[in-house]
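To start, the structure itself, in structure tokens.
In the working numbering, the protein residues as written are 747 to 822.
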């Protein structure tokens, strides 16, 4: 992957995660789904579902989340 493309993908990913927790999410989600329907139609529905699950996890109270990485393995 070209360096410029990697930077663009990283920035887009960061922006997407930030928007997961905002009120603008529905518009963003619709836009992302639309892009996937054009680029890879067979994966679009699965990706939309994955985004919604991720959003629900981020918005859930911390006590109900499942940690992907055990806290004891994280060094400050």
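Ideal Cβ placement from N, Cα and C applies to all residues, glycine included. Since this is a predicted model, take the numbers as computed values, not measurements.
Just how far apart, CA to CA, sit residue i and residue j?
i, j, result
"residue 779", "residue 806", "23 Å"
"residue 792", "residue 764", "21 Å"
"residue 760", "residue 784", "22 Å"
"residue 750", "residue 782", "21 Å"
"residue 794", "residue 753", "23 Å"
"residue 774", "residue 748", "26 Å"
"residue 796", "residue 755", "18 Å"
Quick one: what does DSSP say residue i is sitting in, helix, strand or coil?
i, result
"residue 749", "helix"
"residue 758", "helix"
"residue 791", "helix"
"residue 769", "coil"
"residue 786", "coil"
With residue i and residue j assumed to form a contact (beta carbons below 8 Å), what rounded beta-carbon distance in angstroms separates them?
i, j, result
"residue 789", "residue 766", "No, residue 789 and residue 766 are not in contact; Cβ-Cβ is about 19 Å, not under 8 Å."
Using alpha carbons as the reference points, say which of the options lies closest to residue i.
i, options, result
"residue 776", "798, 756 and 804", "798"
"residue 804", "771, 758 and 786", "771"
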